[in-house]
Structure formats: C-alpha cells, structure tokens
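Please read the structure below before turning to the comments.
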Amino acid sequence: MRYYDVIIAGSGLAAYAVARRLSADLKVAIISNKSLDISNSMLAQGGVAAVFSEEDHWKYHDKDTLLAGDGHCDQAAVSYLTQQGPGVVNALISEGMKFDCGTSSGYALGMEGAHSRRRILHAGGDATGKKLTSFLHKNIGENIDQIEFHSVVDLLVENDRCIGINVSGKEGDISSIFGSHVVLATGGCGNLYQCTSNADTANGEGLSLAYYAGAKLADLEFVQFHPTVMASRNHPGRLVSEAVRGEGAVLVTDTGERIMKNIHPLEDLAPRDIVAREVFRRILRGEKIYLSIKYVKEFTKKFPTISAICRGEGVNLSDGLIPVKPGAHFHMGGIMVNGVGQTSLPGLYAVGEAACSGVHGANRLASNSLLEGLVYGRALADFLNEQPITRPIRAFKQSQSAGKRLVRSITIEEIRKLMLTHAGIERSSEKLNMLQRKLKEQIAEVDYRNLIAYTPVDLTFIHQATAAYLIAKSAFERKESRGAHYCTDFPEKKEEWAGMRIIQQINQNSLNGGLGSNEYDKSQKAAGAVFT
Ligand code: SIN
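Quick note on our numbering: the sequence shown kicks off at 123 and runs consecutively.
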C-alpha cells in the first residue's frame, strides 16, 4: 500500500509553497498530471503584488483588493493576504529569489489595473511566474516524492474523511495512494472555455473531485476574463500582460479610437472585468481591437516573453499594435476553504486557484494570485505541521476499474464553445439555463460512488463536464451582476445579493447522486468559512 503523510495534487506555485514549508519529517508526494513544469503558475506574466515602497501601505493594497472584488471579498482573508505579503516575499528573497530591480537601489515596481500604487514585483520582466515557480521547484527536500504523469481521478473517503486518492498513470492503470492529509492544488478552469490564457491542464478537475467527495464549493459563477489575450490563429491563448498597459499601452480600434475613454475613470487600467467587457462588446460589434504599445518605452527589454510571442505569431512590433481579445483567465470561486486551507471535508485541503478563500471576491485584483499561493500555501503548511498523522491501519476496500463507458451527448469541444458563448463575459438566464440543463443531462447518471469503474478517458471527461456544469449552475442562480459575473437580464448589482455566496455540495442521500443541492450563505462576511 502506497502511503504519504501529505499528498499534494498539482505542481504549480501553491503546491510547492506548501511542500517546501512542511516539516522534513513528513513524507510528502507531489502528484502532477503532466510534467512538473506545466501549470498556470509557469505562464504567469504579471508579478507578485506586495507592499514594497515607502508611499505604499498594506491598507491601500487591502482597499484596492476589496474594491476590485466588488463587495464580495472576505475582509479578514484580504487583510491577512496584504499584511503577510511583504513577509513571504522577503523570505523568498533571503533564500535567493531575484526580483527585477529599478535604476535606483530598490525593486522595479510595476503598475497594473485597479492598483492605486506601483506594487508589482516582476522577475525576468514578464516571466515572473516561470522564474518564481522554477525557483520553488529547486532544492526540494528528500522527504518529497515528485510523481509526474499521474492524474488524480477520484478521492478516497472513509467515515467522512478523505484518506487518499486514486490516480491514473500513463498507461491508464489506476492505483490508490493513501494519505493522512490530501491537498488539492489543481489550479483553475480556464481551459473549459474555448478562448483562454490558461495551460491546457486547467480544466477544473479539482472542483469535480472535491464535489463528488462531498466538499463544499463556493462562488463558482465568478470567472475572470483577461481583456488582452493575443488574437492570433496559431495559439489562441497567448497572454499580453496587463503590465503592458501599466507601462502606458492603450486599447484602440483600427481607426485609433481609444476604447476605454469615458468608460471608467481609470481608463485602460480599470478593473479587469470592466475592460474585458468593453473589449468583448466592441468585438461583438465587428470591430478589431488592438493594444497600442507605441508609447511604451523599451518594450522588448521590459517584455521579452510577449515580444517573443509576437515574433512567433507574425505580429510586427514596429507597427506598435498587438491584436487582442478577451480570454478566460482566473477562477475566483473554487473549493471552499477557511483561513488555513481546510475544506468542509476533514482530511481534504485546497490552496491556490483551486481554492476559494474569499480573497478575490467577485473579481481578482491583478497579481494577487501568485501572492495568494505563497501566503495561503505557507498558512496551510504551518497548520499541517501541527496536525496528528493518522496512518491507515488496514487496507481500504475499493472497487476495481471495470472499463465502464459513459454515453456522451456532447463533446468536450462543444462544452468549451458553449462555456464561452453561454457562461462567458456576458451571460443571460436563458443561455445559462440551457447550458446547465444540457450538462446536467450528461452527468446525471454518473455513478460517482464508483468513479474508477470508468475508463480514464471517460473520467477526464466526467470531471470536466461536472466542473462546467457546476459553474453554469451557480451563474444561472445568481440573479444580479457583480464583478466578473455579468448577466444581461440583471445588469445591476442588487442589495439582496450583497454578501451572498452560492455554495454547492452534492446531496449524498439522493439516489441519483443528488446533483442540485445548493445552499446560500449570507453571513456578515461574504466568506469566512469555519471548519473544524
Ligand atoms: C497579467 O500579466 O496581466 C496577468 C496578471 C494576473 O493575472 O495577475
């Protein structure tokens, strides 16, 4: 029987922030469904937001985060993030992590949308995610096994506690790994949308795994679209960082009209949801939208990654115009966690984009996600270091893979297309209802108590379709517009929805798997989950 004290599913920044901080006497496994270097963290161009200048204060960072979150953040979680930020970053710097310096002695602090101060640390210009995640991948303790090309297909639950995972290997072989503590750091869900900035590993599987195991999910309707994904035929998902606009780039039409003038006082640096919607509306009207970089000084030096992408896509930088369109970028919702990453299911934890800690509310402030992974990864590891280890004392009985097939009424490509048109930037009740019904029909008969009976190919599909269904369902149920959730039938924020979280949890007592059990939580704090 394979056993670890802590199993971490995922290989991005949050996974390693946890693993590196765990006590060396804990036996840890990091499980990655592809090679370790494929994750959204690796692709992050924007940097780490943290207070690093005399003119700044965590209270300003706090305020900016809350404003961007559109009244839906957990204030305590945000304060923890912004106050702990400089400390975790300084700890990395003292371990040898190098952030870009300015011409004077300090760090070169960048600007991004909805920040009131320059506070974005970068590394390698626009290669921050890659530099930072690669740094965390180095010098891993001998107590940590890194297992590549294994997908988590099922969580093992016994007596209402998560006690391990089932994984599918390269050859489709399924095996069990037991653990005292199981951490889902499986990232986001952008790849459920046809146009995305995300890695193709970001399919929302963590949501589905947690859901079928009985954990609570929250805020799933809030999916952030990035306004400037390169509009190219070859690679539809190449990001053009918001930091480019922070350095003076502006969004224009092909006649040179500036599209963000008169839309928001912060113009091109308005909160991301507002910019993305304007780009989307223009494109829907048949206009072509470009990011004009004419006034960005030393573009290729500051943005080497984007410059290389442009060259690869045949975009001539000397024209000063990069064609852009919005793409799914970040999931604010996720597996509901408390301040130390505990989910509602004992033994199961979540961190990073897979988790919903309440820090991002309805719309994430730029460059707060790498910071969240670092701060909450450390908090979770510190918590786990204090927990008793409960090694399983007997073999767990489980069903064997029976090569069961799922009859499909829809393909994953059709789901990705529908997610973009029906659960994307602008939604309508009619389209959301149609989508959630279609997806529910597809997954209603899934035998979730015996997932490993299905083939690995069907399991991947089941998790993706389930995650898409859960997002569409939450979006259908939120009868207002807030942050990244914009519904044309309810174009305004509504007082009765303020602080209201839609929480989804499977109804384990229902015969058909109980799809559809939703709970609404209007506690004083929008989030503030307490699990013991
Ligand atoms: C970007 O570089 O624009 C993305 C940064 C982020 O999503 O935080």
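Backbone N, C-alpha and C define an ideal beta-carbon position, used for all residues, glycine too.
- Ala472 sits in a strand when the DSSP states are folded into three classes.
- By the criterion of at least three beta-carbon pairs nearer than 8 Å, the segment 278-286 is in contact with the segment 300-307.
- Ordered along the chain, residues surrounding the ligand SIN are Gln167, Gly168, Ser363, Glu364, Ala488, Ser489 [Cβ under 5 Å from any heavy atom].
- Distance from the Cα of Met219 is smallest, within the candidate group Arg124, Phe257, Leu188, for Phe257.
- Here Met233 carries a coil assignment [DSSP, helix/strand/coil].
- DSSP places Asp159 outside both helix and strand once states are collapsed to three, so it counts as coil.
- Annotation: Arg241 to Asp580 spans about 44 Å, alpha carbon to alpha carbon.
- Secondary structure at Ala340: strand, using DSSP grouped into helix, strand and coil.
- The alpha-carbon separation between Arg394 and Ala324 amounts to approximately 20 Å.
- Between the alpha carbons of Arg486 and Val274 lies a gap of roughly 27 Å.
- Comparing alpha carbon positions, the residue from Glu327, Val345, Lys292 closest to Glu548 is Val345.
- Under the three-pair Cβ rule at 8 Å, the segment 486-500 counts as touching the segment 201-218.
- The beta carbon of Asp127 sits closer than 6 Å to the beta carbons of Leu148, Lys149, Ser302, Ile511 from its chain, once the five residues preceding and following it are set aside; these are given in chain order.
- Of the residues assessed, Pro578 falls on the buried side of the cut-off, its CB having 16 or more other CB atoms within 10 angstroms.
- Taking Gly461 as reference, the option from Cys478, Pro448, Gly469 with the minimal CA-CA separation is Cys478.
- Closest by C-alpha distance to Val529, out of Tyr334, Ala566, Gly328, Lys539, is Ala566.
- Two segments are said to touch when three or more pairs of C-beta atoms, one from each, lie closer than 8 Å; by this definition the segment 244-261 does not touch the segment 187-195.
- Under the three-state reduction of DSSP output, Asn212 falls in the helix class.
- For His607, the secondary structure class from DSSP, reduced to helix, strand or coil, is strand.
- Every alpha helix (DSSP H) of 4 residues or more that sits fully in the segment 507-594 is shown, in chain order, as 534-544, 551-565.
- Here DSSP, grouped into helix, strand and coil, assigns Gly286 to strand.
- Residue burial annotation: Met382 is buried, with at least 16 other C-beta atoms found within 10 angstroms of its C-beta.
- Under the three-state reduction of DSSP, Val173 is assigned to coil, being neither helix nor strand.
- DSSP places Ile130 within a strand segment (E or B) once states are collapsed to three.
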